[in-house]
Ligand SMILES: NC(=O)c1ccc[n+]([C@@H]2O[C@H](COP(=O)([O-])OP(=O)(O)OC[C@H]3O[C@@H](n4cnc5c(N)ncnc54)[C@H](O)[C@@H]3O)[C@@H](O)[C@H]2O)c1
């Protein structure tokens with residue numbers, strides 16, 4: 288009996304070379320998906336681990352700092368040509384730059400908005416366009432009328448800073464607040480096309496992104512003191528709720544920003 292939830296599904300995960308993205312890619316691999324990784328960095332480790340789990344794995348090297356609308360459309364067209372289709376897009380790749388707000392450099396502001404907001408917007412546009420201009424019909428044909436009907440699933444990675452202002456990270460906050468906004472905007476226009484656009488807002492996860500916080504004894508202590516779960520999240524804590532949003536169990540969820548924060552926002 289087939290018990291893997293994402294057998295025959297193609298899942299694109301951006302920023303899958305390490306951290307949360309690698310956790311997401313491997314969780315999809317474990318559940319039978321064909322994993323398509325897109326990253327600026329070395330994706331060999333993720334690929335080796337995904338294949339060891341029995342998954343198909345393709346990788347594409349892309350710098351989202353330079354990704355244009357056309358570049359995103361070309362990338363998605365290439366992925367679909369290679370993998371045959373796309374069922375899931377997880378916009379996970381992201382950077383963070385810290386500086387006091389009055390000194391926040393223009394270059395950092397621009398990079399944050401480009402990598403954390405424009406790139407996910409262009410990629411989502413490209414997969415949604417493919418879906419409404421023939422992808423859905425193709426998925427229906429390949430599905431052969433079985434229930435549930437195929438849907439396109441986009442899951443964005445938001446942040447606590449989609450809700451809060453943060454300290455020293457105004458560009459990051461702006462981009463992650465923007466991610467929450469476009470998640471809802473895509474849902475409003477396209478939910479009726481059998482697409483789901485949702486986001487996960489992770490709390491504090493132990494990755495490269497948060498290493499400087501964990502190395503700053505005072506910040507680390509004050510962050511930990513506020514987390515009701517009393518520990519930092521692992522990439523695995525974040526991955527499983529993403530699989531839920533990407534699954535048919537969440538077909539009636541659209542435009543949701545789901546907190547996976549160990550209770551941080553409840554405090
Ligand atoms: N760690 C946390 O506490 C936390 C909390 C909330 C949200 N997030 C978000 O989760 C996502 C993953 O972060 P992480 O914590 O795993 O960090 P990370 O730095 O370990 O991973 C980021 C990934 O994005 C890729 N990437 C960076 N710049 C890129 C570019 N220009 N083009 C293509 N790929 C690029 C990196 O190579 C890496 O694989 C990010 O969107 C981040 O903002 C993280």
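Numbering (my numbering), first residue to last: 288 to 554.
Even for Gly, the Cβ is constructed at its ideal location relative to N, Cα and C.
What you are looking at is a predicted structure, and each value in this text was computed from that prediction instead of being measured.
Exposure label - residue i; buried when at least 16 CB within 10 Å
i	result
residue 424	exposed
residue 509	exposed
residue 550	exposed
residue 359	buried
residue 491	buried
residue 438	buried
residue 397	exposed
residue 301	buried
residue 535	exposed
residue 430	exposed
residue 341	exposed
residue 483	buried
residue 395	buried
residue 503	exposed
residue 311	buried
residue 475	exposed
Element boundaries [beta strand (DSSP E), containing residue i]
i	result
residue 378	375-378
residue 537	Counting along the chain, residue 537 falls outside any beta strand (DSSP E), and DSSP gives it neither H nor E.
residue 436	First-last for residue 436: undefined, no H or E at that position.
residue 301	297-301
Nearest candidate by alpha-carbon position, reference residue i, set the options
i	options	result
residue 459	490, 440 and 385	385
residue 427	372, 314, 524 and 507	372
residue 418	473, 532, 445 and 443	473
residue 410	470, 457, 437 and 387	470
residue 463	297, 378, 327 and 318	378
residue 543	554, 531 and 553	531
residue 520	296, 413, 290 and 306	306
residue 435	548, 539 and 322	539
residue 292	326, 301 and 374	374
residue 497	451, 535, 456 and 441	456
residue 448	313, 466, 475 and 441	466
residue 353	403, 333 and 478	403
residue 440	414, 524 and 365	414
residue 494	528, 304, 461 and 297	304
residue 500	453, 362 and 421	453
residue 347	507, 314, 327 and 308	327
residue 338	320, 349 and 355	320
residue 329	308, 318, 315 and 343	308
residue 485	522, 314, 506 and 545	545
Residue i: CB within 7 Å of a non-hydrogen atom of ligand 1
i	result
residue 379	yes
residue 446	yes
residue 347	no
residue 323	no
residue 306	yes
residue 403	yes
residue 491	yes
residue 495	yes
residue 374	no
residue 510	no
residue 351	yes
residue 327	yes
residue 303	yes
residue 544	no
residue 529	no
residue 469	no
residue 382	yes
Extent of the continuous alpha helix (DSSP H) to which residue i belongs
i	result
residue 409	406-417
residue 526	522-533
residue 403	Note, residue 403: premise wrong, no alpha helix (DSSP H); not H, not E.
residue 430	423-430
TODO: Return the chain-ordered ranges of every beta strand (DSSP E) run that is complete within the stretch 310-397 and spans a minimum of 3 residues.
DONE: 321-326, 344-348 and 375-378
TODO: Identify every run of the beta strand (DSSP E) within the stretch 440-518, keeping only runs that are complete inside it and at least 3 residues long; order them along the chain.
DONE: 482-489
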